[in-house]
Structure formats: structure tokens, C-alpha cells
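Data first, discussion second: the structure below is written as C-alpha cells.
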Amino acid sequence: MGVLGMMWALTGFSALIVGAIYRLGLMTLDAFEIGLEWYHWPILMASIAFMAYAEGYRGFQKQFSPRFAARVRHLRDNPRLLDVLLAPLFCMGYYYTTRRRLISIYVLTTTIVAFIIGFQYLTQPLRGLFDAGVVIGLAWGMVSIVYYCSKALTDTDYNFSPELPLAAASNEASA
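Structure, rendered in C-alpha cells:
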């Protein structure tokens, strides 16, 4: 059951991210088909640089991906029926985690949804320029997910915390 949950978490999350990369990639290509003026290029470069750093490096590589991988490993080794059924949500940290993580994941999700809604009001080519940065950040994130999950599932000394609730973490430590 744990392997099934692990596979569902990886497949479900990957489908979400790859689908977003595809859709936003099409929006980015539309911006180039319209044609860019000279002043669009610095906006494009700034968008790519900012999102590569903020979303790809700081968001995914340094925070989300190591924790996601730790939760995938935890799910494989300690499967519970609800966690297996909701594996992508469990591994993303939407439940059965610390209070601090719950607050941060829901604030982050709300912020992302607000940006998605707001970006829909931008016209091309500006929307495509910002979407290009998001595509780079998400692609970086997908690579870091693959890297950290492969480490978590093969290394015996993977040291990142799955950030489980305190009671659950202490019960497993004593077992």
C-alpha cells in the first residue's frame, strides 16, 4: 500500500506541475508570436531571473522539494489509508503536518490563486513574459522534485524532515 501511495503522490504532483508548464508555455509562445518591442526583453529577463531564483531555487529546491520527498518516503514506509488516497495532497503538506506548515501552505496557495486570477487580466505580450518566468520556476521545481525524491527513496540517511505533527513524529521516533 505504501508503494502505491508513493506512486500516486509522484504521478499526481507531476501531472499538476507538467500540465501547468505546458499551459503556461503555450501562453509564453503566444507572446513571441505577437512580437516583442525592445522594452519587453528586460521584462522577460527580469521575470525569468526572479522566478528562477524565488520559485525554482528558494521555493522548490531549498524548501518544498526536500520536504515533499521526505513525505513521499514517510508515506511509502508508514502508509495510512487516507494518506494513500490523498497522497499528492499529503505529500504537498495540505494536512497532517505542523501548524506552522499548514498556515504557510494555505497562505501560499491563496497567494498563488490570486496571482493566477490577476494574471488573466494581463494582455499579451506582458502575460506571456511573466508566464515565461513561472515556466522556468516550475521546470526547476520539477527537476528538484525528481532529484530529492530519488535521494529520499534510495539513501538510508536522507535527513530532511517530513514535518509531521509533533505527536506523530515522537511516536515514530520511539518505535
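Numbering (this note's numbering), first residue to last: 1 to 175.
Note that beta-carbon positions come from the ideal geometry of N, C-alpha and C, so glycine has one too.
Just so you know, these numbers come straight off a predicted model, no measurement behind them.
Would you say MET27 and ARG101 are within 9 Å of each other, going by their C-beta atoms? Within the sequence shown, numbered from 1, the residue matching residue 27 stands at position 27. Within the sequence shown, numbered from 1, the residue matching residue 101 stands at position 101. Taking the C-beta atoms as reference points, ARG101 is found no nearer than 9 Å to MET27.
Can you list the alpha helix (DSSP H) stretches of 4 or more residues lying completely in the stretch 38-97, in chain order? Entirely contained in the stretch 38-97, the alpha helix (DSSP H) runs reaching 4 residues are, in chain order, 40-51, 65-77, 81-85 and 87-92.
Span of the alpha helix (DSSP H) around TYR148: Along the sequence shown, read from residue 1 onward, the residue named residue 148 stands at position 148. From DSSP, the alpha helix (DSSP H) with TYR148 extends over 126-154.
Ends of the alpha helix (DSSP H) at ASP157? Here residue 157 is taken as the residue at index 157 of the sequence shown, counted from 1. From DSSP, ASP157 is part of no alpha helix (DSSP H); its letter is neither H nor E.
Buried or exposed (CB count within 10 angstroms, at least 16 for buried), VAL134: The sequence position of residue 134 within the sequence shown is 134, counting from 1. Classification for VAL134: buried.
Cut-off 7 Å between Cβ atoms - residues of its own chain near GLU163, not counting five sequence neighbours on either side: If you number the sequence shown from 1, residue 163 lands on position 163. Short of 7 Å from the beta carbon of GLU163, and not among the five residues preceding or following it, lie these beta carbons of its own chain, in chain order: ARG67, GLY93, THR97, THR98 and ARG101.
Simplified DSSP state of GLU163, which is helix, strand or coil: For the purposes of this step, residue 163 is identified with residue 163 of the sequence shown, where counting begins at 1. Reduced to three states, the DSSP call for GLU163 is coil.
Are the CB atoms of LEU138 and LEU44 within a distance shorter than 9 Å? Numbered from its first residue, the sequence shown carries residue 44 at position 44. Numbered from its first residue, the sequence shown carries residue 138 at position 138. No, the Cβ-Cβ distance between LEU44 and LEU138 is not below 9 Å.
If you run the structure through DSSP and keep just helix, strand and coil, what is TYR121? Sequence index remark: in the sequence shown, residue 121 carries index 121 (1-based). Annotated three-state conformation of TYR121 is coil, per DSSP.
Relative to the C-alpha of VAL72, which candidate in ASP131, VAL143 and CYS91 has its C-alpha closest? Along the sequence shown, read from residue 1 onward, the residue named residue 72 stands at position 72. Put simply, of ASP131, VAL143 and CYS91 the residue whose alpha carbon is nearest the alpha carbon of VAL72 is CYS91.
Here's the rule I'm using: 16 or more other beta-carbon atoms within 10 Å means buried, otherwise exposed. How should ARG76 be labelled? The residue given as residue 76 occupies position 76 in the sequence shown. Buried.
Relative to the C-alpha of SER14, which residue among ASN78, LEU89, TYR53 and MET51 is closest? In the sequence shown, residue 14 corresponds to position 14, counting from 1. Nearest C-alpha to SER14 among ASN78, LEU89, TYR53 and MET51: LEU89.
Alpha carbon to alpha carbon, how far is ARG23 from LEU29? Walking along the sequence shown from the start, residue 23 turns up at place 23. Walking along the sequence shown from the start, residue 29 turns up at place 29. Using only the alpha carbons, I get a separation of about 10 Å.
If you count every other CB in all the chains shown that lies within 10 Å of the CB of TRP140, and 16 or more means buried, which is it? Residue numbering aside, residue 140 sits at position 140 when the sequence shown is read from its first letter. Counting C-beta atoms within 10 angstroms of its own C-beta, TRP140 has 16 or more neighbours from the protein chains shown and is therefore classed as buried.
Take THR11 as the anchor and find which of LYS62, ARG58 and LEU86 has the nearest alpha-carbon. The residue labelled residue 11 in the question sits at position 11 within the sequence shown. Across the set LYS62, ARG58 and LEU86, the C-alpha of LEU86 shows the shortest separation from the C-alpha of THR11.
PHE117: buried (16+ other C-beta within 10 angstroms of its C-beta) or exposed? Numbered from 1 along the sequence shown, position 117 holds the residue referred to as residue 117. Note on residue identity: the sequence assigns Ile, not Phe, to residue 117. Classification of ILE117: exposed, given that the 10 Å Cβ count is below 16.
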